Amino acid sequence: MLKQRILTAIPLIALVVWGLLTQPAEVIFYALLFVLSIGAWEWARLSGVTNPLLRAVYALIVLVGIYFLNQFAHQSQLLHSILALTVIFWFVATYIMFVKGPRQQSTEVSIAKLVIGFVVLIPPVLALMHLREQGTGWLFFCLSFVWVADSGAYFAGKKFGKVKLAPALSPGKTREGLYGAVFATSVYSYAAGMYFDLQVIDILMLLIISVLATFVSVAGDLFISLLKRETGLKDTGRILPGHGGVLDRIDSVTSSAPFFALFLSLVIFNV
């Protein structure tokens with residue numbers, strides 16, 4: 001399984017890095033639309049929708065929402081409001097997850113989950129495009145941040161993992177893995193601050209934002225795990241050999257990207 005994951009991840013990462021560093025904003029936006037269309041298709045299944053046509057309709061509605069809101073996302077006040085509401089949602093969702101855990105497994109259609117899908121899937125695209133406006137480097141940092149966090153969590157959990165983080169949601173995650181993720185992202189964020197030639201106070205703020213973003217990224221991962229448990233699914237899809245579906249790969253980005261975009265705008269970019 002690990003070998004298959006690596007063989008799938010290497011070309012994917014190479015493609016993403018190439019696209020981020022060489023393609024204009026418009027191409028990146030449509031690439032994100034393509035990825036999110038698959039994510040929305042998978043989300044509909046997590047919400048209990050099994051009919052392919054209805055899942056396609058839901059994905060189309062999500063894409064229209066992204067495209068429409070992106071036309072107005074350049075208005076900083078509107079964008080900040082959307083991102084702030086999204087961040088609040090993730091804090092509330094995290095609290096509910098840890099307090100209540102997953103509900104009883106069911107295959108019924110959940111209107112609430114379909115609605116929540118708009119909150120989970122649309123803001124990350126607006127956030128990533130906002131970061132792209134601040135520079136390709138910031139967009140790359142936000143996405144690679146998740147890769148660094150995942151790697152830190154994996155190796156720390158493998159070596160030191162003993163105490164389960166949220167056994168009811170994801171039995172494989174440990175507190176030690178989370179600490180490893182925080183350590184890895186802190187080192188990476190410090191290096192990024194030096195690369196972006198930030199002032200000392202801004203590097204300190206970036207470190208604080210990054211530590212918090214690490215916890216938020218884990219919340220996105222756990223939330224998808226919760227939905228899979230409630231629906232009785234092992235993976236969100238089968239499109240990525242060894243990884244599952246698209247949502248299995250971007251779950252941390254859905255929660256961390258809006259957080260990054262909001263607080264980097266307020267603290268670092270001042271926009």
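Residues 1 to 271 (my numbering) make up the sequence shown, in order.
Note that beta-carbon positions come from the ideal geometry of N, C-alpha and C, so glycine has one too.
Note that the structure is a prediction, hence the values are computed from the model and not measured.
Under three-state DSSP, which class holds G137? helix
Can you have a look at H74 and say buried or exposed, based on whether 16 or more other CB atoms are within 10 angstroms of its CB? exposed
Specify the secondary structure class of G65 as computed by DSSP and reduced to three states. helix
Who are the Cβ neighbours of L63 in its own chain at under 8 Å, not counting the five residues just before and after it? L33, L36, S37, A40
What's the gap between the Cα of G117 and the Cα of L54? 14 Å
Own chain residues within Cβ distance below 6 Å of W43, not counting five before or after: G117
Coil, strand or helix - L198 by DSSP: coil
How far does the beta strand (DSSP E) with P171 in it reach, from first residue to last? 170-174
Inspect the CB distances between the stretch 151-163 and the stretch 200-210 and report whether three or more fall short of 8 Å. no
Among V148, L178, W147, L79, the one whose alpha carbon lies nearest that of K162: L178
What's the gap between the Cα of F140 and the Cα of Y195? 12 Å
Are there three or more Cβ pairs, one per stretch, closer than 8 Å when the stretch 221-232 is compared with the stretch 86-104? yes
Let me make sure I understand the geometry here. Which of N270, L20, F269 has the alpha-carbon closest to that of S144? L20
Secondary structure at K158, three-state DSSP: helix, strand or coil? helix
Does K234 come out as helix, strand or coil in the three-state DSSP assignment? coil
Report, in whole angstroms, the separation of the C-beta atoms of T86 and V119, which I expect to be a contact under 8 Å. 6 Å
Can you tell me whether DSSP reads A166 as helix, strand or coil? strand
Could you tell me the distance, in whole angstroms, from the CA atom of M97 to the CA atom of L266? 28 Å
Minimum Cβ-Cβ distance from G220 to chain D less than 8 Å: Looking at the structure shown, chain D is missing, and only one protein chain is on hand.
What are the boundary residues of the alpha helix (DSSP H) that I96 is part of? 76-100
Note the first and the last residue of the continuous alpha helix (DSSP H) segment covering A31. 25-46
Should W315 go down as buried or exposed, given a rule of 16 or more other Cβ atoms within 10 Å for buried? The structure shown has nothing for residue 315, since the chain only spans 1 to 271.
So F260 is in the alpha helix (DSSP H); what residue range does that whole segment cover? 246-264
Same chain, Cβ closer than 7 Å to V216, five either side skipped, listed in chain order: W90, S255, S256, F259
Determine whether the beta carbon atoms of L83 and P123 lie at a separation below 8 Å. yes
Between V182, V99, L128, which has its C-alpha nearest D150's C-alpha? V182
Kindly give me the distance between the Cβ atoms of L206 and S189, rounded to whole angstroms, as I take these residues to be in contact under 8 Å. 5 Å
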